[in-house]
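Per our numbering, the sequence shown starts with residue 3, numbered consecutively. We treat Cβ as the ideally placed atom computed from N, Cα and C, and that holds for glycine. Owing to the predicted nature of the structure, the values given are computational and were not obtained by experimental measurement. One structure below.
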Amino acid sequence: MSEIGLKSIYDLLDKNYYIPSYQRGYRWGKRQVQDLLEDLYTFAMEDKPKDSFYCLQPVVVKKCDAETVSGNFLQSELDNNIWYEVIDGQQRLTTVYLLLKYLINTERVDMKEDYGKNLFRVSYQTRDNDGNCISRPDNPGNASPNAYYVTQGYKNIGNWFTSLPETKGIQQIKTVRAAFLDVLTNTKGGSGAHGYVQVIWYDTDEDDPIKTFTRLNIGKIPLKNAELIKALFLQKRDNDKISEVQQIQIAKEWDQIEATLQGDRIWAFLNRDMPEMPARIEYIFDVLFKVEGEKKKSEIAEKEYKAYGANQRSTRREQKRREAETLRRAEEKFKERYGTDEFASFRYFSELFERADREKIDEYWSKVREYYETFLEWYHNPLWYHYIGFLIYCGKPILEIYYLYRDKSKREFEKSLAETIRGTLNVRLKVSADDATDITTDAGDPVVYDNKTKEKLRQLLVLYNIEYIIQKNKGLDAGYMVFPFDLFKSEKWDIEHVDSYTTNPLTREDQQIEWLTTVLQDLRDFGIDYTATEKITSQEKESLKRFLGHGGGEVKFEQITAIVSKLAGESAGEVKKDMKNTIGNLTLLNADINRGYGNAIFPSKKKEIIKKDAEGRFIPLCTKNVFLKNFTGAKNTPVSWSEEDMEAYQKDIVAVIKKFLKTDRQGEEE
């Protein structure tokens with residue numbers, strides 16, 4: 003059974019490590035060595051609690067069998083000649099060895115006498131007679147590539163210590179070297195003043211170490227946090243049969259959960275975007291870690307509060323300041339204890355399971371199942387799926403939604419979701435005496451298209467699509483529509499002006515002729531031939547014909563666009579610009595489709611939407627409704643978008659999402 007946990011560098015002493023020939027040998031250069039030393043220096047010299055640690059990335063090993071030991075002539079007086087084959091992490095392990103070797107040589111320490119353990123041994127599978135170069139990095143005795151890099155690594159370490167700005171004199175250098183020795187030879191619960199360094203230790207029982215190495219290194223696939231946590235849960239802790247049954251059950255349920263979360267629709271539902279996470283079950287461990295982390299921070303804060311003088315008489319302001327300070331300290335201590343990188347949750351569970359029995363494992367696996375089953379319940383409830391999916395899209399943390407859900411009835415939870423959506427939007431519905439409606443901020447400013455309100459408008463339009471589907475689902479006995487968050491989040495979205503607010507400047511004559519040719523063909527597809535219609539005058543027809551044949555001349559392009567608008571039934575120039583920027587003239591559209599429009603008029607846009615929909619592109623339902631005019635109050639003019647259409651469309655949006663808007667009728671109290 004694999005063993006996984008956190009080991010200090012001190013725990014790695016007195017052991018033997020074997021680097022097989024399928025690895026390329028030591029190859030860290032000056033930059034990698036300096037990066038590690040600078041991180042260790044920052045950690046060693048900063049003020050921090052006694053038991054703080056710095057954690058290196060995983061070291062993956064496999065205990066060598068007798069055949070490997072004898073076949074490679076591995077002999078050591080350490081650890082009863084037990085050897086560990088290093089599958090992953092040899093660059094870090096070798097650099098730590100060289101660092102300790104440098105400190106031993108420069109400080110003239112005896113590891114066994116001064117620290118109770120011998121320096122660990124590293125041996126390379128014979129290549130180019132360099133098997134012993136690691137034991138004498140200052141004088142390797144041969145010129146093989148491996149010996150060269152080992153020697154250079156050792157030199158880079160020495161140069162780094164002497165080039166530090168803080169180490170201008172011998173005494174300062176000795177102080178820094180002593181601090182490094184302290185963090186590298188201290189361990190959890192030890193007496194070192196500077197904290198300690200540890201690694202994530204993964205002793206695998208996989209039969210084929212080469213296969214494991216290939217998986218972790220070809221394409222630079224690192225060992226993932228979820229894999230480490232899985233090993234913690236499946237690690238054997240006793241010899242009874244119940245433990246084996248528990249491991250089999252957890253492994254089976256783990257695979258079921260992972261298979262479900264690999265579905266893009268549920269993954270998009272649970273995440274604001276579509277994050278790359280090879281083992282998606284890690285999402286649940288992140289949630290559990292945050293919940294447990296809040297409890298742990300509260301415990302730390304309570305202790306800090308008492309130590310900070312909770313019993314002292316103080317004013318209310320001083321008490322609040324003390325509470326804020328203890329929370330800040332608790333947050334810092336929590337980060338120092340578990341870190342802030344991707345392995346933070348692993349460190350938490352590793353500490354939790356350090357002396358855990360089967361009951362503790364069962365308790366925490368039950369929590370994992372509880373979160374999974376909760377998320378699955380949300381996903382399969384059509385109303386919850388849409389409202390929770392919308393809140394997550396708006397950036398609401400999953401934990402906040404979980405706390406809304408916990409200990410509530412279904413009706414209470416649904417009410418809380420609606421209230422949270424209303425608070426998230428934070429906009430008002432302003433109704434005038436003539437029943438005209440405007441969506442405004444709390445300050446009374448209209449929510450119109452500009453850089454400050456784009457995101458708010460996007461939220462409103464997404465909610466319009468979602469709530470429209472929910473209302474259409476009501477009364478259905480079997481089957482229901484869903485808003486596909488996976489398709490939606492796989493693309494970028496623009497807020498499109500249905501009736502264009504601005505036009506891209508077409509200054510070249512060939513571009514202008516191409517544009518006119520296209521829009522006239524689009525109108526012809528809708529049954530409007532400019533040569534036969536009575537919508538425009540004979541003179542205007544002649545202007546279009548002349549422009550198509552010769553371009554510019556005495557007819558300006560601005561005149562041509564005005565004629566085309568008239569031909570399409572649009573009242574060019576009559577719709578106020580501020581109305582064009584209201585939500586009644588806006589819709590969601592895929593960014594690439596929107597930006598391919600150029601100066602398209604409404605019929606051209608409509609034609610493109612129909613085409614893309616037929617090709618299978620995801621077009622939000624309400625966007626299709628806009629261009630097909632399938633909403634209440636739309637004028638029966640399929641090739642134009644008028645001011646009346648804008649007003650009717652805005653009223654339809656308001657009617658659909660009204661329950662999420664704060665209401666305010668002019669002249670009345672709210």
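Assigned with DSSP and collapsed to three states, K432 falls in strand. V289 is not a Cβ neighbour of L393, given a cutoff of 9 Å. Counting only the Cα atoms, G265 lies some 51 Å from F163. Secondary structure note for V201: its beta strand (DSSP E) is the uninterrupted segment 198-205. Rounded to the nearest whole angstrom, the C-alpha separation of R357 and I363 is 11 Å.
Residue pairing by DSSP places N158 in no beta bridge whatsoever. When beta bridges are read from the DSSP output, C57 appears opposite Q200.
Secondary structure note for G7: its beta strand (DSSP E) is the uninterrupted segment 5-10. For V88, the enclosing beta strand (DSSP E) stretches over residues 85-90. Taking C-beta separations shorter than 7 Å and ignoring five residues to either side along the sequence, the partners of M483 in its chain run I471, K474, N475, following chain order.
The beta carbons of I565 and I538 sit about 6 Å from each other, so the pair counts as a contact at 8 Å. Residue burial annotation: A445 is exposed, with fewer than 16 other C-beta atoms found within 10 angstroms of its C-beta. Look at the region 351-416 and you find these whole runs of alpha helix (DSSP H), each 4 residues long or longer: 360-382, 384-395, 400-407.
S10 sits buried, since 16 or more C-beta atoms from the chains shown fall within 10 Å of its C-beta. In this structure, V370 places its C-beta atom within 9 Å of the C-beta atom of F287.
Residue pairing of I515 in beta bridges, as defined by DSSP: absent, with no partner found. Looking at the backbone, the Cα of A570 and that of F620 are separated by about 27 Å. Taken through DSSP and simplified to helix, strand or coil, P486 comes out as coil. Under the three-state reduction of DSSP output, Y19 falls in the strand class. Cβ-Cβ separation between P167 and E87: approximately 41 Å, too far for a contact (criterion under 8 Å). Per DSSP, S567 is not a residue of any beta strand (DSSP E); the alpha helix (DSSP H) it occupies stretches across 559-569.
Between L550 and T584, the C-beta spacing is not below 9 Å.
For Y24, there is no enclosing beta strand (DSSP E), as DSSP gives it neither H nor E. Your pair F348 and I441 does not check out as a contact, with CB atoms roughly 46 Å apart and the cut at 8 Å.
With respect to the 9 Å criterion, K337 and V500 are not classified as neighbours on the basis of their beta carbons. Q200 sits close to L58, with the two beta carbons spaced by under 9 Å. Beta-bridge partners of S125 (DSSP): Y20. Between the region 87-96 and the region 108-118 there are fewer than three C-beta pairs closer than 8 Å, too few to call the two in contact.
Between the alpha carbons of Q237 and I175 lies a gap of roughly 44 Å. A46 is a Cβ neighbour of H196, given a cutoff of 9 Å. Runs of the alpha helix (DSSP H) lying entirely within the region 224-264 and spanning at least 4 residues, in chain order: 227-236, 243-263. Checking the DSSP bridge columns, you'll see T665 partnered with L431. Counting other Cβ atoms within 10 Å of its Cβ, S165 stays below 16 and is therefore classed as exposed. Looking from the CA of E301, the closest CA among A332, V656, P139 belongs to A332.
Residue range 604-616 is occupied by the alpha helix (DSSP H) that includes E610, with no beta strand (DSSP E) assigned at that position. W495 is the residue among D447, W495, W256 whose C-alpha sits nearest the C-alpha of Q461.
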